Ligand code: FAD
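In our numbering, the protein residues as written are 58 to 533.
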């Protein structure tokens, strides 16, 4: 019997079957030429390690691939989950599948340098055999390079970017792809490839079923988004969507979030300060940082967006860095936040801002140390968002906080964890402190079992100003 044409879908950060354009297009093509769709996932632990990818995020990826294998099996779409090593092996691995009768490859575009090199290697390998590759630009709601100033330049500041982004949304709407139709069951003898290994189950608290994730997003858009404006800054409250881990590995697309939000909260979206509008802004920040990354590849090389800030002579005290990593700085909000990160793999956005500012502007440690540490711990680690967040906090990035804007960790704590509930959750040794004392448990003496402050904020602030002033105005 003749082999059916095979349409190979290479899944990477689009681990879903709803709104997956690559999968959808492959299924359409297979329907047209009586072919079949096969999906492929290649685990690349060596490359993940080079990217400092947290073990919990690796585990989430592996668990999600296992769940997707079962979900796709219901549509009779086999998912080959293969254990590779690094990106350099991908072209060779895909080449071993070509004799099955592969007629085309479909995948979602990725933007980081190593990923683009990997994809170019795969494309040239397939070109030798006249097999086309179709790349789909779906990582952002608006593809990078499509939101530009009137002069055709990339926006370096968020607010006008957002204005233009919203105008484009109003003009063209957002398109989501339906789940692919089931195909007829078929038998195929697959080459013997190393099967993807299981993870360490460290992400077990996070469901990996696609329908669960979609339901969670839907219910957020129906209910909690209404309180998002008032609740989102308070880490003791469940005020944000907690969808970042799913967006990062593509169990969910940002397009699905926008479409659902428009459906559930259309009226709210007309008011600029509503929870729905502010949540949409956060999704636009996600696009913004990815657009910036594509336009300025130097960011991938960990260079500062504002070149003169790369000349800052950070003291980089290793002991202070360790205290920060371990949540032992003597600043309760910082320590509780770092413990949340270390214990759960996730940290609330307000706390990411506070801890990042503290590392750079109180401890005078290069923001790249913190960026790397976050990446190695976060379940939602995403290069563009993480780099953008760190450079914002360090005042080295595009649209960054001005260098003289230095968070006071104690007043931030009083403002955003007023009753100390969040601090108590992660620092039980402070449980008996009053709501007032808990933000600074050092008067008259440091609370028993707690850490003495490693720096004095006002003094540290002066040093930061001097570090920045020393390089301001210098040629890069
Ligand atoms: P929600 O408030 O519900 O927001 C919805 C979605 O919008 C998020 O899931 C996320 O995809 C996106 N989003 C929200 N805020 C931002 C932002 N400031 N920049 C880009 N996208 C945003 N986010 C990551 O996804 N991965 C990271 O590695 C990451 N590192 C960060 C590091 C620092 C220093 C800072 C200050 C922020 C970082 N963020 C990162 C952004 C933000 O903190 C998280 O996206 C957010 O806390 C995730 O929680 P949520 O899903 O409940 O967000």
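For glycine and all other residues, C-beta sits at the position ideal for the given N, C-alpha and C.
Since the model is a prediction, treat every value here as computed from it, not as a measurement.
DSSP bridge partner residues for residue i (one or two, in chain order)
i           : result
residue 320 : Per DSSP, none; premise fails for residue 320.
residue 277 : Beta-bridge pairing links residue 277 to no other residue.
residue 211 : 205
residue 163 : 66, 191
residue 98  : 138
residue 252 : 139
residue 170 : Residue 170 is not bridged to any residue.
residue 93  : 63
Cβ-heavy atom distance, residue i to ligand 1, below 8 Å
i           : result
residue 427 : yes
residue 443 : yes
residue 406 : yes
residue 71  : no
residue 311 : yes
residue 285 : yes
residue 264 : no
residue 395 : no
residue 423 : no
residue 120 : no
residue 209 : no
residue 534 : Look at the range of the chain in this structure, 58 to 533, and you will see that residue 534 is not part of it.
residue 350 : no
residue 409 : yes
residue 216 : no
residue 239 : no
residue 199 : no
residue 446 : yes
residue 432 : yes
residue 449 : yes
residue 297 : yes
residue 346 : yes
residue 222 : no
Member of the options whose CA lies at the smallest distance from the CA of residue i
i           : options            : result
residue 231 : 218, 76, 422       : 76
residue 188 : 155, 177, 215      : 155
residue 200 : 514, 349, 478, 504 : 349
residue 342 : 143, 311, 356      : 311
residue 515 : 457, 465, 113      : 465
residue 253 : 124, 353, 482, 354 : 124
residue 261 : 116, 224, 180      : 116
residue 367 : 525, 144, 393      : 525
residue 353 : 458, 441, 374      : 441
residue 171 : 151, 197, 184, 144 : 144
residue 48  : 504, 80, 472, 83   : Here the chain comprises residues numbered 58 to 533, so residue 48 is not present and cannot be evaluated.
residue 82  : 238, 386, 248      : 238
residue 191 : 135, 494, 86       : 86
residue 112 : 228, 437, 211, 185 : 437
residue 259 : 182, 395, 399      : 399
residue 513 : 355, 249, 387      : 387
residue 164 : 227, 121, 72, 206  : 72
residue 127 : 495, 266, 364, 152 : 266
residue 242 : 221, 133, 374, 234 : 133
residue 138 : 362, 474, 248, 497 : 248
residue 234 : 74, 147, 186       : 74
Cβ shell of residue i (< 6 Å), same chain only, five flanking positions each side left out
i           : result
residue 336 : 282, 285
residue 506 : 486
residue 492 : 476, 477
residue 160 : 62
residue 279 : 321
residue 345 : 215, 218
residue 296 : 288, 289
residue 182 : 148, 152
Own chain residues within Cβ distance below 7 Å of residue i, not counting five before or after
i           : result
residue 319 : 326
residue 118 : 306
residue 409 : 446
residue 372 : 421
residue 255 : 119
residue 458 : 449, 450, 452
residue 488 : 481
residue 483 : 393, 396, 397
residue 461 : 522
Sequence-distant residues of the same chain with beta carbon closer than 8 Å to residue i, five excluded per side
i           : result
residue 203 : 225
residue 338 : 219
residue 167 : 69, 70, 173, 176, 196
residue 315 : 198, 226, 231, 337, 340
residue 90  : 62, 160
Cβ-heavy atom distance, residue i to ligand 2, below 8 Å
i           : result
residue 438 : Ligand 2 is absent from the structure shown, which contains only ligand 1.
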